[in-house]
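There are 2 protein chains.
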Amino acid sequence: MPDILTSRFLFGPGPSNCYPEVTAALAYPVIGHLDPVFIERLENTCAGLRTVWGTSNARTLPLSATGSGGMEAAFVNTVADGDVAVIAVNGLFGERMCEVARRCGATVVRVDHDWGQPIDVERVLAAHPQPKVIAAVHAETSTGVLSDIASLGQNKGDALLIVDAVTSIGGLEVTADDWGIDVGYACTQKCLGVPPGLSPFTVSARAFERRIKDPRSWYLDIGLLGGYVGAVGGSGRTYHHTAPVSMIAGLEAGLHRILAEGLAAVQARHRAAAAALQAGLQEMGLELFAAEGHRLPSLTTVKVPDGVDSAAVRRYLLEYFSIEIGAGAGFYASSLWRIGMMGPNANAASVTLVLGALKEAIASA
Amino acid sequence: MPDILTSRFLFGPGPSNCYPEVTAALAYPVIGHLDPVFIERLENTCAGLRTVWGTSNARTLPLSATGSGGMEAAFVNTVADGDVAVIAVNGLFGERMCEVARRCGATVVRVDHDWGQPIDVERVLAAHPQPKVIAAVHAETSTGVLSDIASLGQNKGDALLIVDAVTSIGGLEVTADDWGIDVGYACTQKCLGVPPGLSPFTVSARAFERRIKDPRSWYLDIGLLGGYVGAVGGSGRTYHHTAPVSMIAGLEAGLHRILAEGLAAVQARHRAAAAALQAGLQEMGLELFAAEGHRLPSLTTVKVPDGVDSAAVRRYLLEYFSIEIGAGAGFYASSLWRIGMMGPNANAASVTLVLGALKEAIASA
Numbered sequence: 025m026p027d028i029l030t031s032r033f034l035f036g037p038g039p040s041n042c043y044p045e046v047t048a049a050l051a052y053p054v055i056g057h058l059d060p061v062f063i064e065r066l067e068n069t070c071a072g073l074r075t076v077w078g079t080s081n082a083r084t085l086p087l088s089a090t091g092s093g094g095m096e097a098a099f100v101n102t103v104a105d106g107d108v109a110v111i112a113v114n115g116l117f118g119e120r121m122c123e124v125a126r127r128c129g130a131t132v133v134r135v136d137h138d139w140g141q142p143i144d145v146e147r148v149l150a151a152h153p154q155p156k157v158i159a160a161v162h163a164e165t166s167t168g169v170l171s172d173i174a175s176l177g178q179n180k181g182d183a184l185l186i187v188d189a190v191t192s193i194g195g196l197e198v199t200a201d202d203w204g205i206d207v208g209y210a211c212t213q214k215c216l217g218v219p220p221g222l223s224p225f226t227v228s229a230r231a232f233e234r235r236i237k238d239p240r241s242w243y244l245d246i247g248l249l250g251g252y253v254g255a256v257g258g259s260g261r262t263y264h265h266t267a268p269v270s271m272i273a274g275l276e277a278g279l280h281r282i283l284a285e286g287l288a289a290v291q292a293r294h295r296a297a298a299a300a301l302q303a304g305l306q307e308m309g310l311e312l313f314a315a316e317g318h319r320l321p322s323l324t325t326v327k328v329p330d331g332v333d334s335a336a337v338r339r340y341l342l343e344y345f346s347i348e349i350g351a352g353a354g355f356y357a358s359s360l361w362r363i364g365m366m367g368p369n370a371n372a373a374s375v376t377l378v379l380g381a382l383k384e385a386i387a388s389a
Numbered sequence: 025m026p027d028i029l030t031s032r033f034l035f036g037p038g039p040s041n042c043y044p045e046v047t048a049a050l051a052y053p054v055i056g057h058l059d060p061v062f063i064e065r066l067e068n069t070c071a072g073l074r075t076v077w078g079t080s081n082a083r084t085l086p087l088s089a090t091g092s093g094g095m096e097a098a099f100v101n102t103v104a105d106g107d108v109a110v111i112a113v114n115g116l117f118g119e120r121m122c123e124v125a126r127r128c129g130a131t132v133v134r135v136d137h138d139w140g141q142p143i144d145v146e147r148v149l150a151a152h153p154q155p156k157v158i159a160a161v162h163a164e165t166s167t168g169v170l171s172d173i174a175s176l177g178q179n180k181g182d183a184l185l186i187v188d189a190v191t192s193i194g195g196l197e198v199t200a201d202d203w204g205i206d207v208g209y210a211c212t213q214k215c216l217g218v219p220p221g222l223s224p225f226t227v228s229a230r231a232f233e234r235r236i237k238d239p240r241s242w243y244l245d246i247g248l249l250g251g252y253v254g255a256v257g258g259s260g261r262t263y264h265h266t267a268p269v270s271m272i273a274g275l276e277a278g279l280h281r282i283l284a285e286g287l288a289a290v291q292a293r294h295r296a297a298a299a300a301l302q303a304g305l306q307e308m309g310l311e312l313f314a315a316e317g318h319r320l321p322s323l324t325t326v327k328v329p330d331g332v333d334s335a336a337v338r339r340y341l342l343e344y345f346s347i348e349i350g351a352g353a354g355f356y357a358s359s360l361w362r363i364g365m366m367g368p369n370a371n372a373a374s375v376t377l378v379l380g381a382l383k384e385a386i387a388s389a
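Just so you know, the sequences run in chain order A and B. Going by this note's numbering, the first sequence opens with residue 25, and the numbers climb by one from there. Going by this note's numbering, the second sequence opens with residue 25, and the numbers climb by one from there.
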């Protein structure tokens, strides 16, 4: 059995370490999914999610699946055979959107970008005259790039806008209602400081009206899930599936912690940590990958110097320091590192530790 | 915020209370989903699941979804438009199977039974000459009935057999390989004594070969998930989605606890608790619902006596004793109670407590 006392500094692309309140909440006594105490917990959680999503959408809930399940829920509820989906691709998760949408039957119009660049809003908008949906990733976990969702949303016309906020929610500004996001999905294990396993999900009234009425998926059917969280108005709560009560207790605690600190303060902490990290990496002579001006405050991508064995450095960090950083994704697997400063890790100590350890690892590995 | 110190005796249809080792494991330090320590944890978990499933299937894994997600995974990987699915319906979860299979495009041939009765194997086998799949529930959570899966599997012919083992896995005998189960799904929150959120899932080599090669669901695609758990042979582990690491730590601990006690001993404990409970209920003058000889050792259904307010009794139990028991399901919502003695709750103290409390509640509510 693995050493259960092993503790890691999780400075990769996620999961990040948890807030201590979250760890405690995971170990609360289990309660029934129909217990009044749990119903209140679920309502608190949905209310907290509305705040971090910047929305008043009634249908804002923690899906009982990971972020990739949230991506599938976004498409299966909005596109069916032959519906046109324009998808901005500037990294691995835009790629994945194309595959998920294709399986839902969509005619996918992909708008490719160089990895490391933000999406080109005009090109995405011009890709098709009347798409059913337009989809984009706010914060690309594979490249460390932030894209301008507000411009996309304000000019989307009749289309529904699907947004992946996996690496932004809770740590970066996301204002779904102002930006015109119709369907948003995220995950718990990055800036929210909660383990992986749930997908914070939000659906606008406009998207709900235009949803696929009999989607291929029963598990992710937002029509049924609205009942699960009691968002169907007068008719009350209906049983759908057994809620993952412990993970929801953890998410409630994470949201409570973040909102007690203040969303603006948490976001400022993420920005400050990223600025210090990015400056420190450049001072070490390393080159950042993501286009300047579009770098994420949650996850930094850095080029592996010529002649350095990327995997050996990561192994050294793990073995000598118990520090995890990420490899690159896809084509960049061995030529990039991804360093996340998310949730409780977005602080000065993490930055100093990872810079010092990385310097030593590059010299020694 | 709900009172986080609230503790419940969870004697409903699930979730049950957790084994203490599970509670501790949920609060372990989070580790990365690609960390060698986690890979070992996942492998241990899959090995433990093979034991409780009674299978050597390489593709035996904890799906990152609840039991209902496991049901969806079973159908989306085995049936596509026009494939015939014969489904035995003797309760709510057989009903749900029909709906999930229909959404996957299957032509559903349902074989209805009275609720409270086990499935009639001959009738199910005679329902269609050449179905692609036959599906049945081993232990119906809605009615408390056990059905004979071995007879079904041994006579299934060319069909693939899908089995719901949600309320049996870990607490009752399930031997997937001997019984001829091709695709099995379960949940964590009943006899395994782990919170809800994962679905123990197993797929035979035969079913894997005949799977839908490009299923509608990317998230639940067993072809991709085989890579996620490294079951694809020489090509090694491939990234699919971020594993829910904390829930998997909990499941590993639950399986470890059960296998240390011994699967036979755990099953005997469930049988003994159910026998005492069922005898005690009848001594109180209450009538059991499930057909005699087919009653579950995990979950007992009992008729609400004439003139007794079912909901008031449940409320009394919750408020005065912090005991949860379940209402009936569907048509029987207010005429049945469902009493589970599962996981750590399958013991003499739970039986004595629930019998005493129920007696008082019926007299007082």
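No residue lacks a Cβ here, since even glycine has one placed at the ideal position from N, Cα and C.
In this structure the region 131 to 149 of chain B touches the region 100 to 113 of chain B; the number of beta carbon pairs closer than 8 Å is three or more. Where I173 (chain A) is concerned, the enclosing alpha helix (DSSP H) starts and stops at 173 to 178. With fewer than 16 other CB atoms across the displayed protein chains lying within 10 angstroms of its CB, M308 (chain B) is exposed. Think of a sphere of 7 Å around the beta carbon of W242 (chain B): the chain A residues whose beta carbon falls inside it are E96, E123, V124, R127, in chain order. Leaving aside the five residues that flank R120 (chain B) on each side, the residues in its chain whose CB is nearer than 8 Å to its CB run, in chain order, S92, M95. Around the beta carbon of Y356 (chain A), 16 or more other beta carbons lie within 10 angstroms, which makes this residue buried. In this structure G208 (chain B) is not in contact with M366 (chain B), their Cβ atoms being roughly 18 Å apart against a cut-off of 8 Å. Residue ranges of uninterrupted alpha helix (DSSP H) with 4 or more members are absent from the region 273 to 302 of chain B; none lies entirely inside it.
Between the alpha carbons of P321 (chain A) and L287 (chain A) lies a distance of about 14 Å. In the DSSP secondary-structure assignment, Y209 (chain B) is bridged to B:D188, B:F225. Ranking A:N371, A:G350, A:S171 by CA distance to the CA of R293 (chain A) puts A:N371 first.
Contact between N101 (chain B) and I236 (chain B) is confirmed by a C-beta separation of about 6 Å, below the 8 Å threshold. In this structure the region 236 to 254 of chain A does not touch the region 34 to 45 of chain A; the number of beta carbon pairs closer than 8 Å is below three.
Each residue's CA atom was taken as its position, placing K383 (chain B) and A351 (chain B) some 16 Å apart.
From the listed residues B:T325, B:A381, B:L379, the smallest Cα separation to R362 (chain B) is found for B:T325. Assigned with DSSP and collapsed to three states, P329 (chain A) falls in coil, not helix or strand.
Closest in alpha carbon position to A200 (chain A), among A:V103, A:Q178, A:D182, is A:Q178. R319 (chain A) and G168 (chain A) have their C-alpha atoms some 6 Å from each other. Annotation for G364 (chain A): the continuous beta strand (DSSP E) segment containing it runs 360 to 364. DSSP places F35 (chain A) outside both helix and strand once states are collapsed to three, so it counts as coil. Judged by DSSP secondary structure, I158 (chain B) falls outside any alpha helix (DSSP H) and instead within the beta strand (DSSP E) spanning 157 to 161.
With the rule of 3 Cβ pairs closer than 8 Å, the region 178 to 188 of chain B does not count as touching the region 56 to 63 of chain B. One Cα belongs to A277 (chain A), the other to C215 (chain A), and the distance between them is close to 14 Å. Of the candidates A:L360, A:A159, A:P142, the residue whose Cα lies closest to the Cα of L310 (chain A) is A:L360. Taking a Cβ-Cβ threshold of 7 Å, the residues of chain B close to L50 (chain A) are L50, A51, S270, in chain order.
When C-alpha distances from A229 (chain B) are compared across B:P53, B:S80, B:G380, the shortest belongs to B:S80.
Exclusion of the five residues before and after R295 (chain B) leaves P321 as the residues of its chain whose Cβ lies within less than 6 Å of its Cβ. In the DSSP annotation of this structure, the continuous segment of the beta strand (DSSP E) that includes D136 (chain B) starts and ends at 131 to 136. Residue A:E164 holds the alpha-carbon nearest to the alpha-carbon of S192 (chain A) among A:I143, A:S175, A:V54, A:E164.
Within the same chain, Cβ atoms closer than 6 Å to the Cβ of V161 (chain A) are found at F117, G118, D188, the five residues on either side in sequence being excluded.
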